Amino acid sequence: MCESSGIISYGHIENKLMYPHTNPGMEIVLAELGRLDWAVERIPESLNPGSVFFTLPWQVHGSLKVREPRNKIFFVLFELAQIEKPKKARLGFPASLGFSAAEEKLVSDILVPAQRHSWPASGLLRDLFPKLIQKLNGNTRIEAVAANALLRAIIVELAGIVDSAPASLRHMTPTMTRVQQFLQTVVSSLDHPWTLDEMASSCSMKRTHFANSCKQLTGYPPMLYLNRVRFERACELLKTTETPITDIAFECGYNTSQYFAESFKRFSRMTPSDYRSHLPQLDAIMASNWNHPEERSIEDEIERSSRLSCGRN
508 MCESSGIISY GHIENKLMYP HTNPGMEIVL AELGRLDWAV ERIPESLNPG
558 SVFFTLPWQV HGSLKVREPR NKIFFVLFEL AQIEKPKKAR LGFPASLGFS
608 AAEEKLVSDI LVPAQRHSWP ASGLLRDLFP KLIQKLNGNT RIEAVAANAL
658 LRAIIVELAG IVDSAPASLR HMTPTMTRVQ QFLQTVVSSL DHPWTLDEMA
708 SSCSMKRTHF ANSCKQLTGY PPMLYLNRVR FERACELLKT TETPITDIAF
758 ECGYNTSQYF AESFKRFSRM TPSDYRSHLP QLDAIMASNW NHPEERSIED
808 EIERSSRLSC GRN
């Protein structure tokens, strides 16, 4: 790890649950796979595949769901000097990143007042993040220098994304718009036995082009995305109705209750019946966590990073 850059923790992990907390620094996350429902100061923000998410030291953030669906994220957390907390703060970056006072003020003026924290990542940022993690896992001096340069570039690119967000959010090709509109309609016909060929035909596209477009928009191949939507609908029905589990399975497009149970467990790590029976307890735990968020120290984050590297959340 590149200690001179002030980096506390980093990784390429599956995030199973993120209790509401504050960090002892600035955190930047890139979602590679799966959609995550998080919140900052209780304000919900969806982190879609290919999105970047950041938080500052005073911002309470965490999961909105008691079990995160399958996902894969890159993250880096680094120390940050904080001045005039929080609305007029100027972010003081580690000296090894080479920011001048004027550059720190420029980045601070963009990131500190930002009203949202999840943004579509640029192609450059999606390229930089895996390279940063790779260099941080190295053990040579030149890799440490490279890690500093990459982290600086990520911070600058993030500020650029936030600063130019209105233009970037408007950009979508007609083909991608057509696929997005189709995927939104799938929710109303989950019991239909969709095939990849039929979905592609509905968008007047060849299956490979449709599959690539779907993955670009959602982070999932089409059939896995369909299973994800079916899972989310099943969660809603389990939580808000007393409909028998077998009926929920058929309504959501599962051929058998056994297949439903197996598929549901892959996403949530529990069976539909366990999910339904434990909801009051899980909801109470989540509410308590938001009322009493963790204030993580550097030592806490280092210990958590060690657990994550062993595959435990």
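If you're matching positions, the sequence shown starts at 508 in my numbering and goes up one per residue.
We treat Cβ as the ideally placed atom computed from N, Cα and C, and that holds for glycine.
Just so we're clear, the structure is a prediction, and the values are computed from it rather than from any experiment.
Which residues mark the beginning and the end of the alpha helix (DSSP H) in which glycine 630 is found? It spans 630-643 - the alpha helix (DSSP H) in which glycine 630 sits, taken as one unbroken run.
Three or more beta-carbon pairs under 8 Å between the stretch 557-566 and the stretch 615-633, yes or no? Yes, the stretch 557-566 touches the stretch 615-633.
Local conformation of glycine 667 per DSSP, three classes: Three-state result, glycine 667: helix.
Return the CA-CA distance between alanine 666 and histidine 568, expressed in angstroms with no decimal places. The alpha-carbon atoms of alanine 666 and histidine 568 are separated by roughly 20 Å.
Would the stretch 575-591 count as touching the stretch 758-768 if we require 3 or more Cβ pairs under 8 Å? Cβ pair count under 8 Å is below three, so no.
Taking 8 Å as the cut-off, decide whether the C-beta atoms of isoleucine 514 and leucine 643 are in contact. Yes, these two residues count as a Cβ contact at 8 Å.
Got a sec? Which residues, its chain only, sit under 6 Å from proline 729 by beta carbon, not counting five neighbours each side? These residues qualify, in order along the chain: Leu703, Met706, Ala718, Cys721.
How close, in whole Å, do the beta carbons of serine 625 and serine 671 come, if the pair is a contact with beta carbons under 8 Å? With a Cβ gap of about 16 Å, serine 625 and serine 671 do not count as contacting.
From the DSSP output, in three-state form, read off leucine 676 for me. With a pLDDT of 46 at leucine 676, under the threshold of 50, the predicted position of this residue should be treated as unreliable, though the coordinate-derived value follows. In this structure, leucine 676 counts as helix in the three-state DSSP scheme.
Write down the C-beta distance between leucine 543 and asparagine 522 rounded to the nearest angstrom, noting that I regard them as a contact closer than 8 Å. That pair is a contact at about 7 Å.
Say whether the stretch 642-659 touches the stretch 683-691, bearing in mind that this needs 3 or more beta-carbon pairs closer than 8 Å, one atom from each stretch. The stretch 642-659 vs the stretch 683-691: no contact.
The stretch 542-556 contacting the stretch 747-760, beta-carbon criterion three pairs below 8 Å: The stretch 542-556 is not in contact with the stretch 747-760.
Excluding the 5 residues flanking cysteine 759 on each side, which residues of the same chain have their C-beta closer than 6 Å to its C-beta? Correct list, in chain order: Leu697, Arg737, Arg740, Ala741.
Among all the DSSP beta bridges, which residues are the ones paired with histidine 519? When DSSP reads this structure, histidine 519 sits in a beta bridge with Phe581.
Per DSSP, which residues does histidine 528 bridge with? Please list them. Bridge partners of histidine 528: His568, Glu801.
Return the first residue and the last residue of the beta strand (DSSP E) that proline 551 is part of. From DSSP, the beta strand (DSSP E) with proline 551 extends over 550-554.
Counting only the same chain and skipping the five closest in sequence on each side, list residues whose C-beta sits under 6 Å from that of lysine 772. Excluding sequence neighbours, lysine 772 sits near Thr778.
Simplified DSSP assignment, three categories, for valine 693: The answer is helix: DSSP assigns valine 693 an H, G or I state.
Would you identify the three-state DSSP class for proline 729, choosing helix, strand or coil? Correct three-state label for proline 729: helix.
Just mark alanine 651 as buried or exposed, buried being the case when its beta carbon has 16 or more other beta carbons within 10 Å. Buried, since its Cβ has 16 or more Cβ neighbours within 10 Å.
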